[in-house]
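Numbering (this note's numbering), first residue to last: 35 to 167. Taking it in order: structure first as C-alpha cells, then the write-up.
So this is what it looks like as C-alpha cells:
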C-alpha cells in the first residue's frame, strides 16, 4: 500500500504543534541550537552572508553534530508517543491507524521524508522565517 500526503490544512498545522508539545521536542531542539553549537552556526551564517568560503568539512562536521544531537533526542522521545505519531500520519494521509502500523519501514521513512520536504512544509518554513525577522 502506498500512502501519500494530502494537501495540508491549518488543522494539520495545529495537529503538528500538538504533537510537538506532546513529544516535548521544541525546547530541547532550541537548547541544542542555542547551546554549544550557537557560535558555530552564527559563524557559518556570517561566512555565507559575506560570500566567504568556509571549510566544507567544518560545516559538515557542525551539521553532523547537530543532526546527531537531534537524532538522540528523537530516539529517546518518539517511542513513548508512538500512537500520537501514528494518528497524525494517518490523519495527513487519509488512512487508518492500522495502515500506518503495518507500513513497511522504508515506506514509513519515505512518508516522513515526503512530509518534511513537501511544498506546504517548505512554504510554512519560509513564512516562519519572515515572522522571525
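Beta carbons are placed, not taken as given, at the ideal position from N, Cα and C, and that holds for glycine.
First through last residue of the alpha helix (DSSP H) which encompasses residue i
i: residue 55; result: 44-57
i: residue 138; result: No alpha helix (DSSP H) contains residue 138, which DSSP labels as neither H nor E.
Inter-residue CB distance, residue i and residue j (contact presumed, cutoff 8 Å)
i: residue 134; j: residue 124; result: 5 Å
i: residue 127; j: residue 40; result: 7 Å
i: residue 104; j: residue 66; result: 6 Å
Secondary structure of residue i, DSSP reduced to three states
i: residue 66; result: helix
i: residue 41; result: coil
i: residue 103; result: helix
i: residue 61; result: helix
i: residue 127; result: helix
Rounded C-alpha distance that separates residue i from residue j
i: residue 137; j: residue 35; result: 8 Å
i: residue 68; j: residue 55; result: 19 Å
Environment of residue i [buried if 16+ CB atoms lie within 10 Å]
i: residue 161; result: exposed
i: residue 145; result: buried
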